[in-house]
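Trainee:
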Amino acid sequence: MSTETGHKQPQSRARPKLAVVKFASCDGCQLSLLDCEDELLAVAGVVDIAYFLEATSRIVPGPYDVALVEGSITTAHDAQRIQDIRQQSKYLITIGACATAGGIQSLKNWADHEEFLRAVYAHPEFISTLATSTPIANHVAVDFELRGCPINRHQLVEVIAALVAGRKPRTPTHSVCLDCKRRGTVCVEVAQGIPCLGPITQTGCGAICPAYDRGCYGCFGPAAQPNCSSLTDHYEATGSTREQLVPLLRNFNAAAPEFQTASDRLMANSDTEAQS
Amino acid sequence: MTESRTIKVEALTRVEGEGGLYVRLEGERVDDVKLSIYEPPRFFEAFLRGRALEEVPDITARICGICPVAYQMSAVHALEAALDVTISPEIRRLRRLLYCGEWIESHALHMHLLHAPDFFGVDSGIDLAGRFPDEVNRGLRLKKHGNELLEVLGGRAIHPINVAVGGFYKAPKKDDLLRLLPDFEWGLEAAIATTRWVATLDFPDFTRAYDMVALQHPDEYAMNEGHVASTSGSAVAVEDYEDHYEEFHVEHSTALHSGRTAGHSSYHVGPLARINLNHEQLFPKARRLADETGIDWPCWNPFQSIVARGLELVHAYEEAIAIIRNYKPFSPPRIEYQHRASSGCAATEAPRGLIYHRYEVDDAGLVTFAKIVPPTSQNQQQIEADLRDWLPRVLDGDDDHIARECERLVRCYDPCISCSTHFLKLTVDRGEQA
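Taken in order, these protein sequences are the chains called A and B.
First residue of the first sequence: 101, per my numbering; consecutive thereafter.
First residue of the second sequence: 239, per my numbering; consecutive thereafter.
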């Protein structure tokens with residue numbers, strides 16, 4: 101870096117080469133980087149944005165120091181592409197619920213894929229996709245996962261700052277519930293009986309839904325050691341139906357293991373009851 | 239013997255989502271142009287079936303991280319049509335305010351970070367900031383204002399959580415909106431300066447006889463309601479949209495193309511269509527600015543869409559300021575309704591153009607059918623038609639030059655490929671030596 105000016109700066113190290121890569125997704129998580137309006141030009145000063153199709157026409161080939169990966173794997177081509185990106189990247193960080201848990205499109209994992217194709221396309225034969233939507237970690241080793249639908253841009257800046265400094269990113273894993281207490285939000289479950297995933301969902305959003313008089317719907321996926329069955333048992337005992345609870349668990353992090361187990365358990369309970 | 243060659247843009251840049259471009263030339267003749275969209279499909283219309291209608295605004299928001307409000311607004315209006323819900327004037331104004339936030343965020347992003355770099359031959363908005371730091375920083379501030387409005391009213395900027403069928407989960411506090419005003423008053427003047435700046439850009443002399451389509455409303459610059467008007471003089475009720483505009487599936491795309499039902503002819507949606515049809519209804523400063531730009535409206539040059547975005551940016555600031563000043567908190571924040579088996583449709587104006595939703599719901603309030611027509615799939619056929627006219631003018635260079643010039647034209651439409659779930663890849667095929 102400093103050789104161009106002909107003198108060495110003792111503290112300087114090469115700017116890490118950053119790639120932002122997209123799979124099946126809405127673009128919202130990579131947009132979060134452009135939404136760092138106050139930090140964007142500074143970030144561009146400390147990292148070399150080498151590959152970021154949405155933001156720049158400059159495309160620098162790999163290898164990369166850091167790949168931020170958005171989106172889930174839904175095609176055979178993408179299943180191969182993520183292998184190539186892994187090989188070219190020193191650190192691979194997934195950004196958002198699609199990359200980390202399969203996203204809302206993982207709902208097709210429970211459905212008849214052929215029927216889905218026919219429902220949307222007049223010529224299903226033009227479309228080639230896998231029957232499942234799977235998280236990146238199902239395909240390659242992931243060095244760090246950034247949760248959220250969408251991710252929190254402050255957490256994204258923290259991850260980039262940590263990488264540049266060579267330290268581990270600090271992103272909390274406690275539940276949304278705790279943040280409601282911190283904000284002083286009156287509990288929507290206790291006060292209004294609204295089923296809320298706050299007790300089992302990881303923080304990151306700032307506990308916004310209860311502050312807007314609605315229940316948490318799990319954008320940041322399962323918190324550390326969530327007791328999902330206890331929570332859903334409580335909701336069933338207090339009047340919520342499985343028809344309400346299963347879709348609540350099956351949305352943007354439907355295929356996150358703890359949420360998937362919980363929704364499948366509710367469905368299995370329904371089946372058992374139907375048979376008896 | 240003519241030389242045929244193929245030009246491919248494997249991955250379009252500075253667009254939302256991923257697609258490419260494929261062009262095949264026989265000598266100087268354009269043989270084939272395809273905007274190919276290889277963005278993997280996510281099947282929203284399939285998995286919406288069986289979901290509670292109350293979830294639809296949250297789920298459809300995830301079609302697009304850039305314009306989630308467009309999906310939320312179209313969804314709630316369509317479902318309210320099905321449920322025979324009439325929203326209050328207060329809710330209606332707050333929805334326009336939310337849309338103003340998205341227009342400001344999306345237009346500021348496209349103008350400064352995605353489109354303007356093309357006029358200076360640089361790769362990105364970040365590179366443009368090296369030459370025009372004041373303009374780019376101003377643009378980032380405008381973008382931030384849009385996001386801040388979305389955060390106050392919607393809970394967050396990307397995938398807002400406060401939009402409900404019937405209204406909002408919670409009406410904002412007056413003070414929380416009023417705190418935005420000083421920034422918005424600065425932003426209005428800054429948006430005017432930005433629009434004056436982009437109006438001086440060096441535009442290619444390229445005009446086409448477009449059939450431009452946008453909502454039109456008797457009382458206001460159409461955003462959430464109106465009839466589907468066009469510069470060719472047609473005017474149809476939203477309920478009749480599907481009789482006049484049709485989606486069809488072509489092999490090179492995971493997006494469905496749209497065309498006029500009659501002859502599948504292409505049409506153009508977006509800010510230029512809206513300004514051409516509705517500029518008389520812009521707020522006063524935006525209206526005066528439209529006359530000052532030196533453009534004789536209606537404008538048929540797609541490259542000048544950046545000026546149309548600027549005018550809408552100014553309008554959105556003016557309208558947002560007016561709504562905030564006059565806002566009075568209200569209760570309840572949403573209109574109650576009863577579930578009933580029915581169907582309903584709505585069209586609204588996303589930052590990128592007209593968006594149409596139709597749903598069928600059952601007695602239990604579950605969705606049984608969903609149809610979503612995003613703006614970019616409506617523009618896709620128009621973009622390909624434009625490229626056929628544009629290509630002969632840019633053949634005086636190597637393949638990289640041609641590819642760059644094609645991408646410039648594509649970007650005028652601010653395509654959102656992620657949106658067009660059922661939706662672009664530029665490859666130029668000059669074939670092999672004959």
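All C-beta atoms in this analysis are idealised placements derived from N, C-alpha and C, irrespective of residue type, glycine included.
It should be emphasised that the depicted structure is a prediction, and the values quoted were computed from it without experimental measurement.
(1) State yes or no: is the beta carbon of C305 of chain A nearer than 9 angstroms to at least one beta carbon in chain B?
(2) Out of B:R578, B:A554, B:D637 and B:A584, which has the shortest C-alpha to C-alpha gap to H465 of chain B?
(3) Along chain B, which residues have their Cβ under 7 angstroms away from the Cβ of S132 of chain A?
(4) Measuring only between beta-carbons, confirm whether D481 of chain B sits less than 9 angstroms from chain A.
(5) From the DSSP output, in three-state form, read off K208 of chain A for me.
(6) Measure the alpha-carbon distance for E574 of chain B versus D600 of chain B and round it to whole angstroms.
(7) Based on the DSSP output, what are the partners of Y407 of chain B in its beta bridges?
(8) Say whether chain A places a C-beta atom closer than 9 angstroms to the C-beta of G363 of chain B.
(9) With 9 angstroms set as the bound, which would you pick, yes or no: does the beta-carbon of H223 of chain A sit closer than that to a beta-carbon of chain B?
(10) Express the C-alpha separation of K523 of chain B and N516 of chain B in angstroms, rounding to a whole number.
(11) Bridge partners for S275 of chain A per DSSP, in chain order?
(12) Less than 7 angstroms between C-beta atoms, sequence neighbours within five positions excluded: which residues of the same chain meet that for Y337 of chain B?
(13) Using a beta-carbon distance below 9 angstroms, is G405 of chain B in contact with chain A?
(14) According to a CB-to-CB cut-off of less than 9 angstroms, which residues of the region 299 to 327 of chain B neighbour chain A?
(15) So, P278 of chain B versus T174 of chain A, is the Cβ gap smaller than 9 angstroms?
(16) Who are the Cβ neighbours of S370 of chain A in its own chain at under 8 angstroms, not counting the five residues just before and after it?
(17) Just the chain A side, please: which residues come within less than 8 angstroms of I297 of chain B by C-beta, in chain order?
(18) For a contact defined as C-beta to C-beta under 7 angstroms, what are the partners of L297 of chain A on chain B?
(19) When the distance is taken between beta carbons, is L133 of chain A closer than 9 angstroms to L256 of chain A?
(20) Starting from G497 of chain B, trace the beta strand (DSSP E) in both directions and tell me its first and last residue.
(21) Within its chain, find whatever has a CB closer than 7 angstroms to the CB of H107 of chain A; leave out the 5 residues flanking it on each side and keep chain order.
(22) Rounding to the nearest angstrom, what Cα-Cα distance links L217 of chain A and F285 of chain B in this structure?
(23) Under 9 angstroms Cβ-Cβ, which residues of chain A neighbour I399 of chain B?
(24) Taking a contact to mean a Cβ-Cβ separation below 9 angstroms, would you say A356 of chain A touches G162 of chain A in this structure?
(25) In the region 379 to 390 of chain B, which residues sit with their C-beta less than 8 angstroms from some C-beta in chain A, listed in chain order?
(26) Are there 16 or more other CB atoms within 10 angstroms of the CB of K190 of chain A, so buried, or fewer, so exposed?
(27) Would you check if there are 3 or more beta carbon pairs closer than 8 angstroms linking the region 563 to 580 of chain B to the region 399 to 418 of chain B?
(28) Note the first and the last residue of the continuous alpha helix (DSSP H) segment covering H502 of chain B.
(29) From which residue to which residue does the beta strand (DSSP E) around Y459 of chain B run?
(30) Are the C-beta atoms of P116 of chain A and some chain B residue less than 9 angstroms apart?
(31) What residues from chain A crowd round G393 of chain B, counting only those whose CB sits closer than 8 angstroms?
(32) Does C583 of chain B get closer than 9 angstroms to chain A when you measure Cβ to Cβ?
(33) Since L345 of chain A is in the alpha helix (DSSP H), which residue starts that stretch and which ends it?
(34) For a contact meaning CB atoms closer than 9 angstroms, what does T251 of chain B contact in chain A?
(35) Could you tell me how far apart the beta carbons of E556 of chain B and F521 of chain B are, in whole angstroms, since I believe they sit closer than 8 angstroms?
(36) At the level of alpha carbons, what is the spacing between I562 of chain B and V160 of chain A?
Mentor: If we stick to the structure as given:
(1) yes
(2) B:A584
(3) I396
(4) no
(5) helix
(6) 17 angstroms
(7) Partner(s): none; Y407 of chain B has no beta bridge.
(8) yes
(9) yes
(10) 15 angstroms
(11) A:Q302
(12) V307, M311, M461 and N462
(13) no
(14) A299, R300, I301, C302, G303, I304 and P306
(15) yes
(16) R342
(17) I204 and N351
(18) Those within 7 angstroms of L297 of chain A in chain B number zero; the least Cβ separation is about 13 angstroms.
(19) yes
(20) L494 to R498
(21) Unreliable positioning characterises H107 of chain A in this predicted model, as indicated by a pLDDT of 40, which lies under 50. The coordinate reading is nonetheless provided below. Answer for H107 of chain A: no residue qualifies.
(22) 11 angstroms
(23) C305, I308, C309, Y312, R314, Y317 and C319
(24) no
(25) R379, K381, K382 and N385
(26) exposed
(27) yes
(28) No alpha helix (DSSP H) holds H502 of chain B; DSSP gives it neither H nor E.
(29) First-last for Y459 of chain B: undefined, no H or E at that position.
(30) no
(31) I308, C309, A311 and Y312
(32) no
(33) R342 to L349
(34) F152, L153, E154, A155, T156, S157, R158 and I159
(35) 4 angstroms
(36) 45 angstroms
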